[in-house]
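So the structure is just underneath, and the comments pick up after that.
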Amino acid sequence: MQGETEGRKPRPVCMAVTTANADGNTLLFIVPITTQPPMDERIAIAVPEIEAKRAGLDTEKPCWVMLDEFNSDVFERSYVFEDRTPLGAFSSKFTAKLQGTLLTAAKDGKARIVNRQD
8 MQGETEGRKP
18 RPVCMAVTTA
28 NADGNTLLFI
38 VPITTQPPMD
48 ERIAIAVPEI
58 EAKRAGLDTE
68 KPCWVMLDEF
78 NSDVFERSYV
88 FEDRTPLGAF
98 SSKFTAKLQG
108 TLLTAAKDGK
118 ARIVNRQD
C-alpha cells in the first residue's frame, strides 16, 4: 500500500482526532473519504446515507472512510486545506466508531501515517 503525500484533486476528509501538541498548536489526524470501493485488505467503514447527508457529502455514490492510512498536520500552519469551512459533521456515534477503528488499527500496526508537518 503506497499513498501519495500530495493529492491530485481536492477531496473531502474527516478530522478523526485532534489534540494539542507541545507547542500548544492543534495536531490533526486526518483520514480520507473516497467513493472508490476499498480492496478487501483495506480497513474502511462505509458511510451510511444519513451520515453522508449530515457531513454534506454527495449521496449519489456510496463512500467510505479509509482508516488504515491517515495524515497528521498542524492546523495553525497547514497549507493543505484550500478552504477550512466544514462541509458538515458526522454524528457523535458514527465519529466514535471511526475513532475506535482508527485507534485499534494504529495500535495493531495496521495504519500508516503520512506526516504533513514538514
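Counting in the numbering used here, the sequence shown runs from 8 upward without gaps.
Positions of the beta carbon are idealized from the N, C-alpha and C atoms, including for glycine.
Sub-9 Å separation of residue i and residue j beta-carbons
i      : j      : result
Val20  : Ile37  : yes
Leu74  : Ala103 : no
Ile120 : Phe82  : no
Ser79  : Asn122 : yes
Phe97  : Arg49  : no
Phe101 : Glu56  : no
6 Å CB neighbourhood of residue i in its chain, flanking five on each side removed
i     : result
Lys68 : Thr42
Gly63 : Leu94, Gly95
Residue i (DSSP reduced to helix, strand or coil)
i     : result
Pro83 : In the sequence under discussion, the amino acid at residue 83 is Glu, which differs from the Pro named in the question. Residue state, collapsed to three classes: helix.
Phe36 : strand
Ile57 : helix
Thr42 : coil
Ala51 : strand
Thr12 : Note that Thr12 scores a pLDDT of 49, beneath 50, so its modelled location is shaky; the value from the coordinates is reported in the next line. Correct three-state label for Thr12: coil.
Thr92 : coil
Thr26 : strand
Distance cut-off 8 Å: residue i Cβ against heavy atoms of the ligand COA
i     : result
Ala96 : No copy of the ligand COA occurs in the structure displayed, which carries no ligand at all.
Residues near residue i in its chain [Cβ-Cβ closer than 7 Å; skip 5 each side]
i     : result
Val72 : Cys21, Val38, Ile40, Ala51, Ile52, Val54, Leu105
Cys70 : Ile40, Thr41, Thr42, Val54, Ala59, Leu64
Other residues of its chain near residue i: CB distance less than 8 Å, five sequence neighbours each side excluded
i      : result
Gln9   : Caution is warranted here: a pLDDT of 49 is assigned to Gln9, below 50, making its placement in the model unreliable, and no coordinate value can be reported.
Asn28  : Leu34, Val81
Lys114 : none
Thr66  : Glu56, Ala59, Lys60
Thr25  : Thr33, Leu34, Leu35, Phe36, Phe82
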